[in-house]
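J.:
Chains as they are written, first to last, in the numbering used here: chain R, 715 to 1023; chain H, 557 to 864.
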């Protein structure tokens, strides 16, 4: 460093050291979490757990593994992203490339912000009320004799989860689109291309890394959310497919659990009682998040190979 | 040059002035040493000599008829009549904000992308009103190169093939487009540099190569008119010289309209020059007239560097 800090005012030197300390503290915390989870996870996780179903019922102290929660986490994330990705990219495109009339654009912007700011437990309760309406019973089922739907299923949990990922995807895509200079769009128009063609062949490929980043963030949020799972997925340890004429849709309309609800259930706060399995599940959850991020980064690589922006 | 001397006494310290010696035939004085000039300050490409053309004015391809354009009611271009001829380079010069770029962009109706822009008067392409053409068709025939090199984030090949392919599609396939793509790259003088690396990302090229790629991209669809909005202002002198050379080679097959702040550039490459002043076409004529014997005092002052 060229400047000698000894000439700084005491106040500035203190500030400088505080910044250093904050950075180091963050590293320490992150390392502590990672190492603790790694040690606990490795010592508690048996490979067989990945392929064993958990005990049927709440109590997990006996035999049983993590197969259903793992499948549940992946299923909910897939449904959530499958809804949020096209919706989020579409909203971002509309906001940046069209956004007329103006008042509607402001309304949509505010809507996205409100969703982003809503705690997931509130979304969950709202979802339960909404999807208990009997005309939406196709997403779960209608108990005999009841006049409301059950309101809990993978489809319902996934649908509400998509709202968690949506603002992140909209935000990232929008940021990417805003960063594309106007003359790039004009260059495409000046070659006789329509707006639709420009969006498809120039804008979307350009913002692919942004979309991937938003999707990765959204997946992380979905896979880590517990409130919506506990309320809207039933949090039954095993997948409980709905046995009906819909066949393959059975599991989607049935209940189940995810790794987060499994961890919650087996933590001291829950009723599962198998603390060691909670550690194992948390460890698997972290691994899945890391792998998903790598996969998304790889998918986004296509645009990066073309030099990005 | 009394106005110039006046100007210098009015504004101390005297601005660096680019002088065009007025005699016959016109010659150009080397660029001023030190200090940016009103004309943009791009370093001169001294080795480059103006090539005189033997034949006179070519076939008229485009013409504006009393064209006026306003942004939100504020006029930017006022009642301009201007012909664009095949086989020649037309340079639009004038101070900043005088409507050059607006006039250029109106020729392929890019001004319509600005919500507040309104237009009066007609623009014709080969005698037909451009409003009667599908706008995508018009822009294929009247293409444009921009100030900033702006290749798309795709391969070199795909950039050039972009205009040749169907809207939003990757068809026709690569093999069928190889010939026109190579042809466009050759015409843009880029083939020797990128012929073996067509699948490389276009954004890895140097700035000058990117701009020539943009020219190739614009040429691929065989336009009749090529609009260029200060195509060299973001480039170094060497790349500028390449592009000027290229423009001179292109003028036989395509009518070129170029906006430039660089008077020397206009002098080097233009056959006709239009001097714009506050939205009006102050003077239009052969390059020798504008730089050598301008009819209007304002043109005279501008090209001799008295203001800008």
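Every residue, glycine too, gets a C-beta built ideally from N, C-alpha and C.
(1) Any chance the region 900 to 913 of chain R sits against the region 865 to 884 of chain R, with 3 or more Cβ pairs inside 8 Å?
(2) How do the region 646 to 664 of chain H and the region 809 to 817 of chain H stand: do at least 3 beta-carbon pairs fall below 8 Å, yes or no?
(3) Report, in whole angstroms, the separation of the C-beta atoms of residue 807 of chain R and residue 883 of chain R, which I expect to be a contact under 8 Å.
(4) Please name the residue in H/863, H/664 and H/796 whose C-alpha comes closest to that of residue 618 of chain H.
(5) Give the residues from the region 699 to 722 of chain H that approach chain R closer than 9 Å (Cβ to any Cβ), ordered along the chain.
(6) Under the rule that 16 or more other beta-carbon atoms within 10 Å means buried, what is residue 721 of chain H, buried or exposed?
(7) Per DSSP, what kind of secondary structure is residue 811 of chain H in: helix, strand or coil?
(8) So, does the CB of residue 666 of chain H fall closer than 7 Å to a CB anywhere in chain R?
(9) Using a cut-off of 9 Å between C-beta atoms, extract the partners of residue 890 of chain R located in chain H.
(10) How far does the beta strand (DSSP E) with residue 828 of chain H in it reach, from first residue to last?
(11) Closest Cβ-Cβ distance between residue 692 of chain H and chain R: below 7 Å?
(12) Rounded to whole angstroms, what's the CA-CA distance from residue 712 of chain R to residue 731 of chain R? Just pull it up for me.
(13) Is there at least one Cβ from chain R nearer than 7 Å to residue 696 of chain H's Cβ?
(14) Quick one: what does DSSP say residue 624 of chain H is sitting in, helix, strand or coil?
(15) Identify each residue in the region 901 to 918 of chain R for which the Cβ-Cβ distance to at least one residue of chain C is less than 7 Å, and report them in chain order.
(16) With a threshold of 7 Å between beta carbons, is residue 764 of chain H in contact with chain R?
(17) Checking 7 Å against the spacing of the C-beta atoms, do residue 951 of chain R and residue 768 of chain R come in under that value?
(18) Residue 811 of chain H to residue 713 of chain H, Cα distance in whole Å?
(19) Could you pull out every residue in the same chain whose Cβ sits closer than 6 Å to the Cβ of residue 630 of chain H, ignoring the five residues on either side in sequence?
(20) Output needed for residue 645 of chain H: all residues of its chain with C-beta closer than 7 Å, excluding positions within five of it in sequence on either side, in chain order.
(21) I need the straight-line Cα distance from residue 694 of chain H to residue 768 of chain H, nearest angstrom please.
(22) Could you tell me the distance, in whole angstroms, from the CA atom of residue 934 of chain R to the CA atom of residue 973 of chain R?
(23) Along the chain, where does the beta strand (DSSP E) containing residue 838 of chain H start, and where does it finish?
(24) Should the region 663 to 682 of chain H be regarded as contacting the region 620 to 628 of chain H, the criterion being three or more beta carbon pairs within less than 8 Å?
(25) Can you pull the DSSP bridge partners for residue 616 of chain H?
(26) By DSSP, does residue 678 of chain H sit in helix, in strand, or in coil?
(27) What is the rounded straight-line gap between the Cα of residue 1004 of chain R and the Cα of residue 1013 of chain R?
(28) Are there three or more Cβ pairs, one per stretch, closer than 8 Å when the region 993 to 1011 of chain R is compared with the region 921 to 939 of chain R?
(29) For residue 852 of chain H, collect the residues of the same chain with a Cβ closer than 7 Å to its Cβ; drop the 5 residues on either side in sequence, then sort them by chain order.
(30) Among R/886, R/899 and R/861, whose alpha-carbon lies nearest the alpha-carbon of residue 922 of chain R?
(31) Just to make sure I have the definition right: I need the residues of chain R whose C-beta is within less than 9 Å of the C-beta of residue 622 of chain H. Which are they?
(32) Which word fits residue 595 of chain H, buried or exposed, when buried means at least 16 other C-beta atoms lie within 10 angstroms of its C-beta?
(33) CA-CA distance, residue 986 of chain R and residue 847 of chain R?
(34) Under the rule that 16 or more other beta-carbon atoms within 10 Å means buried, what is residue 656 of chain H, buried or exposed?
(35) Grouping DSSP H, G and I as helix and E and B as strand, with all else coil, what is residue 632 of chain H?
(36) Residues of chain R with a CB under 7 Å from the CB of residue 675 of chain H: which are they?
T.: Well, looking at it:
(1) no
(2) yes
(3) Translated into positions along the first chain, residue 807 of chain R becomes position 93. Translated into positions along the first chain, residue 883 of chain R becomes position 169. At roughly 11 Å, the Cβ-Cβ gap does not stay under 8 Å, so residue 807 of chain R and residue 883 of chain R are not in contact.
(4) As a first step, residue 618 of chain H is located in the second chain; it is residue number 62 there, counting from the start. Comparing Cα positions, the closest option is H/664.
(5) 699, 700, 701, 702, 703, 704, 706, 707, 708, 709, 710, 711, 714, 718, 719, 721 and 722
(6) If you number the second chain from 1, residue 721 of chain H lands on position 165. Answer is buried; the Cβ neighbour count reaches 16.
(7) Numbered from 1 along the second chain, position 255 holds the residue referred to as residue 811 of chain H. Residue 811 of chain H: strand per DSSP, three-state reduction.
(8) Position 110 of the second chain, counted from the first residue, corresponds to residue 666 of chain H. Interface residue, yes.
(9) The sequence position of residue 890 of chain R within the first chain is 176, counting from 1. Neighbours of residue 890 of chain R on chain H: none; closest Cβ ~11 Å, over 9 Å.
(10) By one-based count along the second chain, residue 828 of chain H stands at place 272. First-last of the beta strand (DSSP E) with residue 828 of chain H: 828 to 833.
(11) Reading the second chain from its first residue, position 136 is the one you call residue 692 of chain H. Answer yes: the Cβ-Cβ gap between residue 692 of chain H and chain R drops below 7 Å somewhere.
(12) Lying outside 715 to 1023, the shown extent of chain R, residue 712 of chain R is not represented and no answer is given.
(13) For the purposes of this step, residue 696 of chain H is taken as residue 140 along the second chain, with counting starting at 1. With 7 Å as the cut-off, residue 696 of chain H counts as an interface residue toward chain R.
(14) Locating residue 624 of chain H in the second chain gives position 68, where the first residue counts as 1. Residue state, collapsed to three classes: strand.
(15) Within the model displayed, chain C is absent; protein chains R and H are what it includes.
(16) Counting from 1 along the second chain, the entry for residue 764 of chain H is found at position 208. Closer than 7 Å: no.
(17) Your numbering for residue 951 of chain R matches position 237 in the first chain. Your numbering for residue 768 of chain R matches position 54 in the first chain. Contact flag set, yes.
(18) Here residue 811 of chain H corresponds to residue number 255 of the second chain, with the count starting at 1. Here residue 713 of chain H corresponds to residue number 157 of the second chain, with the count starting at 1. Taking the straight line from one Cα to the other gives about 25 Å.
(19) If you number the second chain from 1, residue 630 of chain H lands on position 74. Closer than 6 Å at the Cβ level, and outside the excluded window around residue 630 of chain H, lies no residue.
(20) Taking the first residue of the second chain as position 1, residue 645 of chain H is located at position 89. Excluding sequence neighbours, residue 645 of chain H sits near 803, 807, 812, 814, 825, 826 and 827.
(21) Locating residue 694 of chain H in the second chain gives position 138, counting from the first residue. Locating residue 768 of chain H in the second chain gives position 212, counting from the first residue. Looking at the two C-alpha atoms, the distance is approximately 22 Å.
(22) Against the first chain, residue 934 of chain R aligns to sequence position 220. Against the first chain, residue 973 of chain R aligns to sequence position 259. Answer to the nearest angstrom: the Cα atoms are 13 Å apart.
(23) Walking along the second chain from the start, residue 838 of chain H turns up at place 282. Counting along the chain, the beta strand (DSSP E) containing residue 838 of chain H begins and ends at 836 to 842.
(24) yes
(25) Counted from its first residue, the second chain places residue 616 of chain H at position 60. BP columns for residue 616 of chain H point to H/641.
(26) Along the second chain, one-based indexing puts residue 678 of chain H at 122. Of the three classes helix, strand and coil, the one that applies to residue 678 of chain H here is strand, per DSSP.
(27) Stepping through the first chain from its first residue, residue 1004 of chain R is reached at position 290. Stepping through the first chain from its first residue, residue 1013 of chain R is reached at position 299. Each residue's alpha carbon lies about 15 Å from the other.
(28) yes
(29) The residue given as residue 852 of chain H occupies position 296 in the second chain. Here the set comprises 838 and 839.
(30) Here residue 922 of chain R refers to the residue found at position 208 of the first chain. Of R/886, R/899 and R/861, the residue nearest in Cα terms is R/886.
(31) Indexing the second chain from 1 puts residue 622 of chain H at position 66. Within chain R, no residue comes near residue 622 of chain H; the closest Cβ sits about 25 Å away, beyond 9 Å.
(32) Locating residue 595 of chain H in the second chain gives position 39, counting from the first residue. Any answer about residue 595 of chain H is weak, because its pLDDT of 40 lies below 50 and its placement is not dependable; what the coordinates show is given next. Counting Cβ neighbours within 10 Å, residue 595 of chain H comes out buried, since at least 16 surround it.
(33) Within the first chain, numbered from 1, the residue matching residue 986 of chain R stands at position 272. Within the first chain, numbered from 1, the residue matching residue 847 of chain R stands at position 133. Going by the C-alpha atoms only, they are around 31 Å apart.
(34) The residue labelled residue 656 of chain H in the question sits at position 100 within the second chain. Buried, by the Cβ-count rule.
(35) Numbered from 1 along the second chain, position 76 holds the residue referred to as residue 632 of chain H. Strand.
(36) Position 119 of the second chain, counted from the start, is the residue given in the question as residue 675 of chain H. Per Cβ cutoff of 7 Å: no residues; residue 675 of chain H is ~17 Å from chain R at best.
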